[in-house]
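Novice:
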Amino acid sequence: MKTQNNTDCYTFKIDKDKDLTLQKPEGVFTPTGTTDVLFREVRNYLKKPAKILDLGCGIGVTGLALHQVGLVNEPLYGSDIGQAAVDIFNLNANSHNCKVIAKCGSVFKPWVNEKFDVIIDDISGVAEPVADVSPWFRGVSCKSGIDGTDLIIEVLNSASKHLNENGVLFFPVISFSNVEKIIKVANQNFSTVRRLIRKEWPLPKEMYEHKLILEKLKADNNSDYSEKFGMIIWYTDIYIAYN
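Next comes the structure, spelled out in structure tokens:
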């Protein structure tokens, strides 16, 4: 459905009785199942409102959904590499009566002297050759490198400097990346790195014609997936890390 300013309406189901409806213009990443799983694991972990940074906020789904369930100590902080995402995040936050501080910039560059209780990383973590042929990044930039690790490693190397005492980082690891490399860097930066959940997904049908790309990436350890009952199955892992 289009709104009056010609943006799409995106509805996120918080639970069976509560939806979050947001505006989503073209050129801003559409949330996927990974965002849904990430939100639910953060919600399950947090016991009280926290100072939260939604890193790679997009239209604001994760942070604003957490606000809706009372887990954000306002203001909610959010940043994204694209100004269009920051603009729509501000607009969506205003529509849902959430005070925010939103900034445009890559990874932690907008937050040089800021620290948080919780950092939620939802920045692109898919190998660029996969992003190029997927339905997830149509019209949206993905600069995560041949193995999908460039941005998540930058996050992992810097996150601890932006966490308050007892602060935690939540981050997804997508199997269309060099998973082993990401976890190795996480363990180098944090004393505790723990997987909370694994969610498996079927490969979108339109990607099967690019199977040779996936096979080459897997052979080079830049992707991981399995084949079951004639389907390609990939996964999202959600991790928590802290010192």
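Taking the numbering used here, the leading residue of the sequence shown gets 1, the next gets one more, and so forth. Don't be surprised by glycine CBs; every beta carbon is placed ideally from N, CA and C.
When you compare only the Cα positions, how much space is there between glutamate 102 and phenylalanine 229?
Specialist: Along the sequence shown, read from residue 1 onward, the residue named residue 102 stands at position 102. Along the sequence shown, read from residue 1 onward, the residue named residue 229 stands at position 229. Checking the sequence shown, residue 102 turns out to be alanine, not glutamate. In a straight line, the C-alpha of alanine 102 is about 45 Å away from that of phenylalanine 229.
Novice: So what's asparagine 243 in DSSP terms, helix, strand or just coil?
Specialist: Reading the sequence shown from its first residue, position 243 is the one you call residue 243. In this structure, asparagine 243 counts as coil in the three-state DSSP scheme.
Novice: Taking a contact to mean a Cβ-Cβ separation below 8 Å, would you say isoleucine 240 touches leucine 212 in this structure?
Specialist: In the sequence shown, residue 240 corresponds to position 240, counting from 1. In the sequence shown, residue 212 corresponds to position 212, counting from 1. Not closer than 8 Å, so no.
Novice: Determine contact between the stretch 121 to 133 and the stretch 215 to 234, defined as no fewer than three beta-carbon pairs at a distance below 8 Å.
Specialist: Yes, since at least three Cβ pairs between the stretch 121 to 133 and the stretch 215 to 234 fall closer than 8 Å, the two stretches touch.
Novice: Can you list, in chain order, the residues of its chain whose CB lies under 6 Å from that of asparagine 164, leaving out five sequence neighbours each side?
Specialist: Within the sequence shown, the letter at position 164 stands for residue 164. Within the same chain, asparagine 164 has close Cβ partners Lys115 and Asp117.
Novice: If we call anything under 8 Å between Cβ atoms a contact, is cysteine 98 one with leucine 71?
Specialist: Numbered from 1 along the sequence shown, position 98 holds the residue referred to as residue 98. Numbered from 1 along the sequence shown, position 71 holds the residue referred to as residue 71. Taking 8 Å as the Cβ cut-off, cysteine 98 and leucine 71 do not qualify as a contacting pair.
Novice: Can you confirm whether the stretch 140 to 152 touches the stretch 191 to 208 when touching is taken to mean that 3 or more C-beta pairs between the two stretches lie within less than 8 Å?
Specialist: Touching, no.
Novice: What ranges does the beta strand (DSSP E) occupy inside the stretch 128 to 195, keeping only unbroken runs of at least 3 residues that lie completely in it?
Specialist: Taking only runs of at least 3 residues, the beta strand (DSSP E) segments lying wholly in the stretch 128 to 195 are 163 to 174.
Novice: Apart from the five residues on each side of it in sequence, which residues of its chain come closer than 6 Å, Cβ to Cβ, to phenylalanine 170?
Specialist: The residue labelled residue 170 in the question sits at position 170 within the sequence shown. Counting only Cβ-Cβ distances below 6 Å, and skipping sequence neighbours, we find Val42, Ile120 and Ile240.
Novice: So what does cysteine 9 bridge to, in DSSP terms?
Specialist: Position 9 of the sequence shown, counted from the first residue, corresponds to residue 9. Its beta-bridge partners are Gln23.
Novice: Tell me whether serine 95 sits in a helix, a strand or coil according to DSSP, three-state version.
Specialist: Position 95 of the sequence shown, counted from the start, is the residue given in the question as residue 95. It is helical.
Novice: Tell me whether the stretch 177 to 187 and the stretch 203 to 212 touch, counting them as touching only if at least three CB pairs, one residue from each stretch, are closer than 8 Å.
Specialist: Result no; under three Cβ-Cβ pairs closer than 8 Å.
Novice: Can the beta-carbon of threonine 62 be found closer than 8 Å to that of aspartate 15?
Specialist: Start at 1 with the first residue of the sequence shown, and residue 62 comes out as number 62. Start at 1 with the first residue of the sequence shown, and residue 15 comes out as number 15. Going by C-beta atoms, threonine 62 is not nearer than 8 Å to aspartate 15.
Novice: In angstroms, rounded to a whole number, what distance separates the CA positions of leucine 22 and valine 86?
Specialist: Reading the sequence shown from its first residue, position 22 is the one you call residue 22. Reading the sequence shown from its first residue, position 86 is the one you call residue 86. Distance between the alpha carbons of leucine 22 and valine 86: 13 Å.
Novice: Go ahead and pull the three-state DSSP assignment for proline 202.
Specialist: As a position in the sequence shown, residue 202 is number 202, starting the count at 1. Strand at proline 202.
Novice: What residue range is occupied by the uninterrupted alpha helix (DSSP H) comprising valine 126?
Specialist: Working through the sequence shown from its first residue, we reach residue 126 at position 126. Note, valine 126: premise wrong, no alpha helix (DSSP H); not H, not E.
Novice: For tryptophan 201 versus glycine 33, is the C-beta spacing smaller than 8 Å?
Specialist: Residue mapping note: residue 201 aligns to position 201 of the sequence shown, counting from 1. Residue mapping note: residue 33 aligns to position 33 of the sequence shown, counting from 1. Yes, the pair counts as a contact, with Cβ atoms nearer than the cut-off.
Novice: On the three-state DSSP scale, how would you describe glycine 78?
Specialist: Locating residue 78 in the sequence shown gives position 78, counting from the first residue. Of the three classes helix, strand and coil, the one that applies to glycine 78 here is strand, per DSSP.
Novice: Judging by CA-CA distance, which residue of Ile183, Cys9 and Lys18 is the nearest neighbour of glutamate 26?
Specialist: If you number the sequence shown from 1, residue 26 lands on position 26. For the residues Ile183, Cys9 and Lys18, the minimum Cα distance to glutamate 26 belongs to Cys9.
Novice: Between the alpha carbons of leucine 217 and lysine 51, how many angstroms are there, rounded?
Specialist: Taking the first residue of the sequence shown as position 1, residue 217 is located at position 217. Taking the first residue of the sequence shown as position 1, residue 51 is located at position 51. Each residue's alpha carbon lies about 38 Å from the other.
Novice: Using only the alpha-carbon positions, how far apart do isoleucine 233 and proline 204 sit?
Specialist: Residue numbering aside, residue 233 sits at position 233 when the sequence shown is read from its first letter. Residue numbering aside, residue 204 sits at position 204 when the sequence shown is read from its first letter. Answer to the nearest angstrom: the Cα atoms are 10 Å apart.
Novice: Output the distance between the C-alpha atoms of leucine 151 and leucine 66, rounded to the nearest integer angstrom.
Specialist: The residue given as residue 151 occupies position 151 in the sequence shown. The residue given as residue 66 occupies position 66 in the sequence shown. Leucine 151 and leucine 66: Cα-Cα distance of roughly 24 Å.
Novice: Where does valine 72 fall in DSSP's three states?
Specialist: Walking along the sequence shown from the start, residue 72 turns up at place 72. If DSSP states are grouped into helix, strand and coil, valine 72 belongs with the strands.
Novice: Please report how far the alpha carbon of leucine 55 lies from the alpha carbon of glutamate 154, in whole angstroms.
Specialist: Here residue 55 corresponds to residue number 55 of the sequence shown, with the count starting at 1. Here residue 154 corresponds to residue number 154 of the sequence shown, with the count starting at 1. The alpha-carbon atoms of leucine 55 and glutamate 154 are separated by roughly 12 Å.
Novice: For a test of the three-state rule: what should DSSP assign to isoleucine 238, helix, strand or coil?
Specialist: For the purposes of this step, residue 238 is taken as the residue at position 238 of the sequence shown. Of the three classes helix, strand and coil, the one that applies to isoleucine 238 here is strand, per DSSP.
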